[in-house]
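Visitor: The working numbering puts the first residue of the sequence shown at 3, with every later residue one more than the last.
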Amino acid sequence: MIPIVWFSLLPCALALAVTISSSPGTSAPYISKSLISLSIEQDRWPDWAGTSSKNEFFIQTLNNLKSITGAPPDIRIGANSEDKTNFAHDVQYAQDIFPAPTSIVPYPEALNITVGDSFYQIAQHLPRGTHVTWGVPLGPLNVTAAVLEATAIMNAFNSPVCKAAGITLDYLEIGNEADLYLNNGFRKSYNSSQYVKEWTALASNISDAVGLSSTGTKFLVGSFAGSSSKTTGFSPQAIYSENVLASGPGSLIAAFSEHHYSGSFCTGNGGLLSDLMTKATIRSNLTIYSNDVIATHAQGLDYILGETNSYACHGAPGVSNTAGAALWALDYALFSPQIGISKVFFHVGIGFKYSLIQPVALDRSILDGSPLSTPLPPHVQPLYYAAIIAAELRGSKERVQISEIGINDTHVAGYAAFEGSRLVRAVFINSKAFLQGQENRTSVHLDLAFTGKSPEAMTIKRLAIGHADDASGLTWGGQTYETENGKVQGKLSLDVRNVTDGVDVSETEVVLLNFHL
Ligand SMILES: *[C@@H]1O[C@H](CO)[C@@H](O)[C@H](O)[C@H]1NC(C)=O
Ligand SMILES: *[C@@H]1O[C@H](CO)[C@@H](O)[C@H](O)[C@H]1NC(C)=O
Ligand SMILES: *[C@@H]1O[C@H](CO)[C@@H](O)[C@H](O)[C@H]1NC(C)=O
Ligand SMILES: *[C@@H]1O[C@H](CO)[C@@H](O)[C@H](O)[C@H]1NC(C)=O
Ligand SMILES: *[C@@H]1O[C@H](CO)[C@@H](O)[C@H](O)[C@H]1NC(C)=O
Ligand SMILES: *[C@@H]1O[C@H](CO)[C@@H](O)[C@H](O)[C@H]1NC(C)=O
Ligand SMILES: *[C@@H]1O[C@H](CO)[C@@H](O)[C@H](O)[C@H]1NC(C)=O
Ligand SMILES: *[C@@H]1O[C@H](CO)[C@@H](O)[C@H](O)[C@H]1NC(C)=O
3 MIPIVWFSLL PCALALAVTI SSSPGTSAPY ISKSLISLSI EQDRWPDWAG TSSKNEFFIQ
63 TLNNLKSITG APPDIRIGAN SEDKTNFAHD VQYAQDIFPA PTSIVPYPEA LNITVGDSFY
123 QIAQHLPRGT HVTWGVPLGP LNVTAAVLEA TAIMNAFNSP VCKAAGITLD YLEIGNEADL
183 YLNNGFRKSY NSSQYVKEWT ALASNISDAV GLSSTGTKFL VGSFAGSSSK TTGFSPQAIY
243 SENVLASGPG SLIAAFSEHH YSGSFCTGNG GLLSDLMTKA TIRSNLTIYS NDVIATHAQG
303 LDYILGETNS YACHGAPGVS NTAGAALWAL DYALFSPQIG ISKVFFHVGI GFKYSLIQPV
363 ALDRSILDGS PLSTPLPPHV QPLYYAAIIA AELRGSKERV QISEIGINDT HVAGYAAFEG
423 SRLVRAVFIN SKAFLQGQEN RTSVHLDLAF TGKSPEAMTI KRLAIGHADD ASGLTWGGQT
483 YETENGKVQG KLSLDVRNVT DGVDVSETEV VLLNFHL
């Protein structure tokens, strides 16, 4: 009698058989400790780093990640405002000229920014061991400005403080989304051969001025908003065929950077959260670059998503800033290396809807720009949990492989992590959107099988989410990062189970399994 009553109380739980490989296949990619990295809109970089002293909140959020994998996220500074930056020795930090906020873009990017040496020197506030990419302008074709900036950047990273802290400049980037210069007023006509010509000339000036070849810093190239994936249009294939790598500075290129957004909110129309979270579109948004990755690896270069997030123009309200977007970000970041993308730089800016972190107090709404009666103190947004979970799945060992677990379900995605030849962890993401106002949250029961020897027990950690469209209130293993100082708080809550029990994953939930060996 009792079992019958019990089952009738349970919401209908779909059972799904999941087979996890007990050892990594030969093709399982090795995962960077800083798989989830950050791209920072540079107009307000001093707000992120802090000026006379470091921004403790922001640096804490980076150190949280470092404490999990052993390395802080890489930081790219530049983006749209990179092409609007000039340099003046007498400017302290930065002088920005901002357009008026609108309800669609409550925190617009600067139209014009002038920076001085200290703008770059504050990189020394970053955690020890941070790897940095910094952009200089190509749009205005002002060689003097680009060379002055590059020189100041190199000087900043050559400072004794940065050297002692292992804060290193991996890459100089020249120009942001040059494939859009035709649309945004920088050029009247433009194609990839003009880009290669301009890039090569400017990179020669920069490289000569700073003596780049005798430093550890390299160039990254591309940073395009899209890709034709062909030798016509803008793509890695196009610029390789235009011989960008053959020139003097071209020999210092070590990576291709692609930018990608799943859609745009630039005209005020966002997609649906449930669309963003769809397993199939996450994959199709990334596999469009598969051939670009292959073409790039064939040249011996690294391929990164150097700037990415959900919806362009800082995100869609009620979508990019929500818990559901955290599930999107986690699946998106973990799927990327499956096709050879080594790092995923999520774009962030002050007041941007899709930011993982809001490092300073905000006085107007990120959703519609309306004034806030009390400023919102620094805080993390839901996407931050994606970075934490990806870091925990990765762990701190030097060499870790993560491969996708094939799951025959439109909503459930899974990934397995291997240290050496051993299966150590797995994560499952149920990206079916459980939205505010809905009733009857379903869950999927995963029956676990292993190709080799089965682990006996597992520790289960859950990302608890009220609703996919919640903008806060998430907990990870019972703990929160939504705290005043960015430090994790609360009692850790984990569940230890026999693997033969399997695991339930609700709509809009993530579970991390740590296998006991
Ligand atoms: C940007 O601002 C600086 C300093 O105010 C000014 O000298 C410069 O002309 C401006 N540049 C543009 C392109 O408006
Ligand atoms: C850039 O390089 C060109 C070609 O070598 C040279 O003529 C020019 O003076 C350089 N410009 C700057 C600002 O260094
Ligand atoms: C190029 O940048 C230099 C250095 O800041 C500045 O003096 C000059 O006015 C700029 N040129 C143009 C055409 O804006
Ligand atoms: C790009 O434009 C230039 C100048 O208009 C032209 O000479 C060149 O052939 C074009 N290249 C491609 C790949 O279309
Ligand atoms: C990317 O994802 C969005 C949903 O966020 C979808 O509308 C779009 O079609 C996808 N693009 C590709 C190329 O799959
Ligand atoms: C996947 O699931 C569908 C529907 O649940 C089923 O019809 C199909 O046979 C399954 N495919 C495999 C390969 O298990
Ligand atoms: C939710 O479940 C209850 C109980 O089974 C049922 O009465 C109700 O119609 C369901 N609501 C929806 C929206 O499906
Ligand atoms: C796990 O379950 C299996 C099968 O029910 C059982 O043989 C095994 O002893 C259990 N292990 C533990 C640690 O409880």
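Cβ coordinates follow ideal geometry from the N, Cα and C atoms, glycine included.
1. Can at least three beta-carbon pairs, one atom from the region 445-463 and one from the region 499-506, be found at a separation below 8 Å?
2. Any residue with its Cβ nearer than 5 Å to a heavy atom of ligand 4 should be included. What is that list in chain order?
3. Confirm, please, whether the CB-CB distance from residue 197 to residue 180 is below 7 Å.
4. How many Å lie between residue 78 and residue 311 at the Cα?
5. Does the region 253-271 touch the region 301-320, meaning 3 or more C-beta pairs lie closer than 8 Å?
6. Need the endpoints of the beta strand (DSSP E) that residue 199 sits in, please.
7. Got a sec, what are the start and stop residues for the alpha helix (DSSP H) residue 236 sits in?
8. Could you give the first and the last residue of the continuous alpha helix (DSSP H) run that contains residue 129?
9. For the alpha helix (DSSP H) holding residue 32, just list the boundary residues, first then last.
10. How should residue 202 be labelled, buried or exposed, when 16 other C-beta atoms within 10 angstroms of its C-beta is the threshold for buried?
11. By Cβ distance, which residues of its chain are closer than 8 Å to residue 7, with the 5 residues on each side in sequence left out?
12. Quick check: the Cα distance between residue 393 and residue 477, rounded to an integer number of angstroms?
13. For residue 386, which of helix, strand or coil comes out of DSSP?
14. To the nearest angstrom, how far is it from the Cα of residue 355 to the Cα of residue 58?
15. Assign residue 328 to one of three DSSP states: helix, strand, or coil.
16. If you follow the alpha helix (DSSP H) that residue 165 is in, where does it begin and where does it stop?
17. What's the gap between the Cα of residue 72 and the Cα of residue 133?
18. Identify which residue in 442, 97 and 396 has its Cα closest to the Cα of residue 36.
19. With a cut-off of 8 Å, do at least 3 Cβ pairs link the region 285-300 to the region 235-253?
20. I'd like the span of the beta strand (DSSP E) that includes residue 476, first residue to last.
21. Taking all protein chains shown into account, do 16 or more other C-beta atoms lie within 10 angstroms of the C-beta of residue 250, making it buried, or fewer, making it exposed?
22. Should residue 484 be listed as close to ligand 8, given that the test is whether its C-beta is under 6 Å from any heavy atom?
23. Within the continuous alpha helix (DSSP H) that includes residue 58, where are the two ends?
24. When a residue counts only if its C-beta is closer than 6 Å to some heavy atom of ligand 8, which residues count, in chain order?
25. What does the alpha-carbon distance come out to for the pair residue 104 and residue 111?
26. Any chance the CB of residue 287 is under 6 Å from a heavy atom of ligand 5?
27. So, are the CB atoms of residue 87 and residue 117 less than 7 Å apart?
28. Can you tell me which of the three DSSP states residue 320 falls into?
29. Would you list, in sequence order, the uninterrupted beta strand (DSSP E) runs of no fewer than 3 residues that lie entirely inside the region 443-493?
Guide: So, from the listed chains and residues:
1. yes
2. 193 and 195
3. Here residue 180 is taken as the residue at index 178 of the sequence shown, counted from 1. Here residue 197 is taken as the residue at index 195 of the sequence shown, counted from 1. Cβ atoms of residue 180 and residue 197: closer than 7 Å.
4. Here the question's residue 78 lines up with position 76 in the sequence shown. Here the question's residue 311 lines up with position 309 in the sequence shown. So the two alpha carbons sit approximately 14 Å from each other.
5. yes
6. Numbered from its first residue, the sequence shown carries residue 199 at position 197. It is not in any beta strand (DSSP E) - residue 199 instead sits in the alpha helix (DSSP H) that spans 194-212.
7. Position 234 of the sequence shown, counted from the first residue, corresponds to residue 236. That residue, residue 236, is in no alpha helix (DSSP H); it is neither H nor E in DSSP.
8. Stepping through the sequence shown from its first residue, residue 129 is reached at position 127. From DSSP, residue 129 is part of no alpha helix (DSSP H); its letter is neither H nor E.
9. The residue labelled residue 32 in the question sits at position 30 within the sequence shown. Note, residue 32: premise wrong, no alpha helix (DSSP H); not H, not E.
10. In the sequence shown, counting from the first residue as 1, residue 202 sits at position 200. Flag for residue 202 reads buried.
11. Indexing the sequence shown from 1 puts residue 7 at position 5. Its pLDDT being 34, under 50, residue 7 is placed unreliably by the model, and the measurement read from it follows with that caveat. Answer for residue 7: no residue qualifies.
12. Translated into positions along the sequence shown, residue 393 becomes position 391. Translated into positions along the sequence shown, residue 477 becomes position 475. Roughly 16 Å between the two C-alpha positions.
13. For the purposes of this step, residue 386 is identified with residue 384 of the sequence shown, where counting begins at 1. Reduced to three states, the DSSP call for residue 386 is helix.
14. Taking the first residue of the sequence shown as position 1, residue 355 is located at position 353. Taking the first residue of the sequence shown as position 1, residue 58 is located at position 56. Going by the C-alpha atoms only, they are around 22 Å apart.
15. As a first step, residue 328 is located in the sequence shown; it is residue number 326 there, counting from the start. Residue 328: helix per DSSP, three-state reduction.
16. Taking the first residue of the sequence shown as 1, we reach residue 165 at position 163. Residue 165 -> alpha helix (DSSP H) spans 162-167.
17. Counted from its first residue, the sequence shown places residue 72 at position 70. Counted from its first residue, the sequence shown places residue 133 at position 131. Cα-Cα distance, rounded: 13 Å.
18. Taking the first residue of the sequence shown as 1, we reach residue 36 at position 34. Minimum Cα distance to residue 36 is reached at 396.
19. yes
20. Mapped onto the sequence shown, residue 476 falls at position 474. Careful: residue 476 lies outside any beta strand (DSSP E) and carries neither H nor E.
21. Locating residue 250 in the sequence shown gives position 248, counting from the first residue. When all chains shown are included, residue 250 counts as exposed.
22. Residue numbering aside, residue 484 sits at position 482 when the sequence shown is read from its first letter. No.
23. Here residue 58 refers to the residue found at position 56 of the sequence shown. Where residue 58 is concerned, the enclosing alpha helix (DSSP H) stretches over 58-71.
24. 458, 459, 500 and 502
25. Within the sequence shown, numbered from 1, the residue matching residue 104 stands at position 102. Within the sequence shown, numbered from 1, the residue matching residue 111 stands at position 109. Residue 104 and residue 111: Cα-Cα distance of roughly 12 Å.
26. The residue given as residue 287 occupies position 285 in the sequence shown. Residue 287: yes, Cβ under 6 Å from ligand 5.
27. One-based indexing of the sequence shown puts residue 87 at position 85. One-based indexing of the sequence shown puts residue 117 at position 115. Cβ atoms of residue 87 and residue 117: closer than 7 Å.
28. On the sequence shown, position 318 is the one that residue 320 refers to. Residue 320 falls in the coil class under three-state DSSP.
29. 445-452 and 459-466
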